[in-house]
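Visitor: Structure incoming, see below.
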Amino acid sequence: MPESIGSKKINVAVFISGNGSNLRNLIFDSFKKNSKYKIDLVISNRAGAKGLKYAKKFKIKKKIINYLNIKNAEKNILVELKKNQIKLICLAGFMEILSGDLIKKFKGKIINIHPSLLPRYKGLNTHQRAIDNKEKYSGCTVHYVNSKLDSGKIILQKKVKIIKTDTSIKLAKRILRQEHLLYPKALNKVLINL
Ligand code: GRF
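Numbering (this note's numbering), first residue to last: 971 to 1164.
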């Protein structure tokens, strides 16, 4: 039976490292009438991540995880996930790689947003690489996380046209606007099958 049947919402954790604009958007989506989920926990590997302000503003629990030692970091993450009955993890600009162990424990329950049309341009610096290669389009992808970087099954993608005058900053901005639309859609799609 889907987790959301009855009044109880599905607890979702969002992992961030930076600005948190995707986090903000997911929070707004979760406030919508009939939303099946609640952003219950924000995890950051950086105490100074700007996006933590949204956890404060919307009174969402937050946890800073020290990543000096990945084993300890993930042990602490697992404690938090269990304590808060988290059923799904959304990575949103989280700049650490999760170990195979954590991915196995949360198999099929971790999703990520990536600013390119995967499988093209995995990893960092996606916008500049797409421009340098004279691509006509780039875009964004929400995908399941598996043990290979940016390689899990694709949930949804959105194309964005690259224009002549684009710089990586301009293109990143236009793609980010599409990310904000795509991530909630993809999350809601995943929740239906959870
Ligand atoms: C986004 O472009 C996302 O695709 C990438 O990191 C950026 C995070 O932006 N993984 P924000 O922190 O959500 O504003």
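The beta carbon of each residue, even a glycine, is placed where N, CA and C say it ideally should be.
Any heavy atom of the ligand GRF closer than 8 Å to the Cβ of L993?
Guide: Residue mapping note: residue 993 aligns to position 23 of the sequence shown, counting from 1. For L993, the CB falls within less than 8 Å of some heavy atom of the ligand GRF.
Visitor: Report the rounded CA-to-CA distance for Q1098 versus S1138, giving the unit in angstroms.
Guide: On the sequence shown, residue 1098 is found 128 positions in, with the first residue counted as 1. On the sequence shown, residue 1138 is found 168 positions in, with the first residue counted as 1. Using only the alpha carbons, I get a separation of about 5 Å.
Visitor: Quick one: using the 10 Å Cβ neighbour count with 16 as the cut-off for buried, is T1135 buried or exposed?
Guide: For the purposes of this step, residue 1135 is identified with residue 165 of the sequence shown, where counting begins at 1. It is exposed - the Cβ of T1135 has fewer than 16 other Cβ atoms within 10 Å.
Visitor: If distances are taken between C-alpha atoms only, which option among K1002, G1109, N1042, C1110 comes closest to L1072?
Guide: Here residue 1072 is taken as the residue at index 102 of the sequence shown, counted from 1. Here the closest residue by C-alpha is N1042.
Visitor: Sort out for me which residues DSSP pairs T1111 with in a bridge.
Guide: Counting from one through the sequence shown, the residue named residue 1111 turns up at place 141. Looking at the DSSP assignment, T1111 forms a beta bridge with H1084, Q1127.
Visitor: Can you have a look at D1010 and say buried or exposed, based on whether 16 or more other CB atoms are within 10 angstroms of its CB?
Guide: The residue given as residue 1010 occupies position 40 in the sequence shown. Flag for D1010 reads buried.
Visitor: Quick one: is the Cβ of C1060 within less than 8 Å of any heavy atom of the ligand GRF?
Guide: Reading the sequence shown from its first residue, position 90 is the one you call residue 1060. No - the ligand GRF has no heavy atom lying nearer than 8 Å to the Cβ of C1060.
Visitor: Would you be able to state if there are at least three C-beta pairs under 8 Å between the region 1084 to 1101 and the region 1011 to 1030?
Guide: no
Visitor: Measure the alpha-carbon distance for Y1107 versus K1053 and round it to whole angstroms.
Guide: On the sequence shown, position 137 is the one that residue 1107 refers to. On the sequence shown, position 83 is the one that residue 1053 refers to. Straight-line spacing of the CA atoms in Y1107 and K1053 works out to 42 Å.
Visitor: Starting from the N-terminal side, write out each stretch of the alpha helix (DSSP H) that is 4 residues or longer and does not extend beyond the region 1056 to 1106.
Guide: 1070 to 1075, 1096 to 1102
Visitor: Among K1079, I1133, G1122, K1140, which one has its Cα closest to the Cα of L1161?
Guide: In the sequence shown, the residue the question calls residue 1161 occupies position 191. Measuring from the Cα of L1161, the nearest candidate turns out to be K1079.
Visitor: Check for me: the beta strand (DSSP E) holding D1010 runs from which residue to which?
Guide: Within the sequence shown, residue 1010 is the residue found at index 40, counting from 1. First-last of the beta strand (DSSP E) with D1010: 1007 to 1014.
Visitor: Give every residue of the same chain whose Cβ lies closer than 6 Å to the Cβ of N989, excluding the five residues on either side of it in the sequence, and list them in chain order.
Guide: What you label residue 989 is simply residue 19 of the sequence shown in a count that begins at 1. So the qualifying residues of the chain are K1020, G1021.
Visitor: So for I986, helix, strand or coil by DSSP?
Guide: The sequence position of residue 986 within the sequence shown is 16, counting from 1. I986 falls in the strand class under three-state DSSP.
Visitor: Taking the DSSP output, what are the residues bridged to K1032?
Guide: Here the question's residue 1032 lines up with position 62 in the sequence shown. Answer is V1012, bridged to K1032.
Visitor: Run the proximity test for I1145: is its beta-carbon closer than 8 Å to any non-hydrogen atom belonging to the ligand GRF?
Guide: Locating residue 1145 in the sequence shown gives position 175, counting from the first residue. Yes.
Visitor: Is K1250 near S1000, with beta carbons less than 9 Å apart?
Guide: Within the shown structure, residues of the chain are numbered from 971 to 1164, placing residue 1250 beyond reach of any answer.
Visitor: If you count every other CB in all the chains shown that lies within 10 Å of the CB of G1122, and 16 or more means buried, which is it?
Guide: The residue given as residue 1122 occupies position 152 in the sequence shown. Label assigned to G1122: buried.
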